[in-house]
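Residue numbers (numbering that gives the first Met the number 0): 0 to 276. Structure first, then comments.
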Amino acid sequence: MTTTKTSYWDFINSLNHVTPYTLLKNGTLKPYDIIPDGVGPAGSLYMSISEMANWLKFQIADTGYYNSQKILNKTELDETRTGQTNKNTTSPSWYCMGWHIRADGTLYHEGASVGQYTHLTLYPSKGLAIAIFTNGGEYGVTLKKSCNDKFKNLINGDFNTDTWTPYYNWATDELKPKLPTPPIVDQTLPLSGYVGVYSNDLFGNINLTTSDNTLFCQYGADSRTYELKHWNYDVFEEQTNNHFFNFTDIYSGTTHQVDVKLTNTPENVTFNRTETP
């Protein structure tokens, strides 16, 4: 596995690499560089499909050896597949060390970051494995999940089930606007009234600025700048990350609070103004 990388910067500077894309609600695919090095093992491993196949061959062999070379003791390999946490009280489903294991012995692990999605499945009793890498927003997730389900069905003798349509319908629904549709109500403040730094103890700062009569934001340590488009009343949309900014607590010509629906958060996150230009 000579080209596998454990750093985003090594990956992005390699001669041959895939570009993450996110799908905007207007149907535009936009390159999106997520930099996960800060969370290390939770998203900073990059490899080619051929090198992933080598790793899966090692896993399927279940001996601790690859090409007659010892990689792990068999007892250590077995420990990675031993249930540590029971995920389901009604049927056996365990989380091991990086693997999820089902009652039938199937092992799997899936991952997702903005613009990149993976799904690995081992079928030890059949000597088979599948690795799926996709990008492209919600439809990338759809492709990943439908391919994995189709492969599972095929090896179990089901050749006819449509695994694409249900996920496609889900993705299409996810891309529909969830906030009020026109008629648009004008914002209550000039853009300067929204400008400033807003803070949350868990998620850090959001810095709002203006340029050329457009509102922009920056998240925490992310130096990239994202445009906010007016949606309705005092709500603005940041289309790249699909976040909506609802400005509240408005007095003296400025807003003092913003509620943001962030990715993977069940509820809006409130940021309070800490700095005014």
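Yeah, the Cβ is synthetic: ideal placement off N, Cα and C, and Gly gets one too.
Checklist entry - Is it a yes or a no for the segment 166 to 176 touching the segment 193 to 209, going by three-plus beta-carbon pairs under 8 Å? => result no
Item to check | Separation of Lys260 from Glu236, as counted between CA atoms | outcome: 10 Å
Checklist entry - Rounded to a whole number of angstroms, what is the C-alpha to C-alpha distance between Leu28 and Pro19? => result 10 Å
Item to check | Reduced DSSP category for Glu266 - H, G, I as helix; E, B as strand; rest coil | outcome: coil
Next on the checklist: Rounded to the nearest angstrom, what separates Thr162 and Tyr193 at their Cα positions?
Outcome noted: 45 Å
Checklist entry - How would you label Tyr197, buried or exposed, when you count the other beta carbons within 10 angstroms and need 16 or more for buried? => result buried
Next on the checklist: With a threshold of 8 Å on Cβ separation, who are the neighbours of Pro276 within its own chain once the five nearest residues in sequence on each side are excluded?
Outcome noted: Ser191, Val194, Gly195
Checklist entry - Does the segment 48 to 64 come within contact of the segment 135 to 154, defined as at least 3 CB pairs closer than 8 Å? => result no
Item to check | Spatially closest choice to Trp8 from Ile34, Gly26, Asn25, Val17, by CA coordinates | outcome: Ile34
Item to check | Candidates Asp157, Leu153, Asn155, Lys149, of which the one nearest Pro165 by Cα | outcome: Lys149
Checklist entry - Where does Lys86 fall in DSSP's three states? => result coil
Checklist entry - Under a Cβ-count criterion, where at least 16 other Cβ atoms within 10 Å of its own Cβ denotes burial, should Gln186 be classed as buried or exposed? => result buried
Checklist entry - With distances taken from CA atoms, which of Thr239, Val257, Asn66, Pro40 is nearest Thr247? => result Val257
Checklist entry - From Thr21 to Thr117, what does the alpha carbon distance come to, in whole angstroms? => result 15 Å
Checklist entry - Considering only C-alpha positions, which residue in the set Gly110, Thr1, Lys144 is nearest to Pro40? => result Gly110
Item to check | Same chain, Cβ closer than 6 Å to Thr3, neighbours up to 5 away in sequence not counted | outcome: Met46, Glu50
Item to check | C-beta atoms of Asn134 and Val17 nearer than 8 Å | outcome: yes
Item to check | Of the residues Thr74, Asn267, Phe243, the one placed nearest Asn231, counting alpha carbons only | outcome: Phe243
Next on the checklist: Quick check on Tyr166: does DSSP put it in helix, strand or coil?
Outcome noted: helix
Item to check | Secondary structure of Cys146, DSSP reduced to three states | outcome: helix
Next on the checklist: Looking only at its chain, what residues have a beta carbon closer than 7 Å to the beta carbon of Lys125, apart from the 5 residues adjacent to it on each side?
Outcome noted: Ile154
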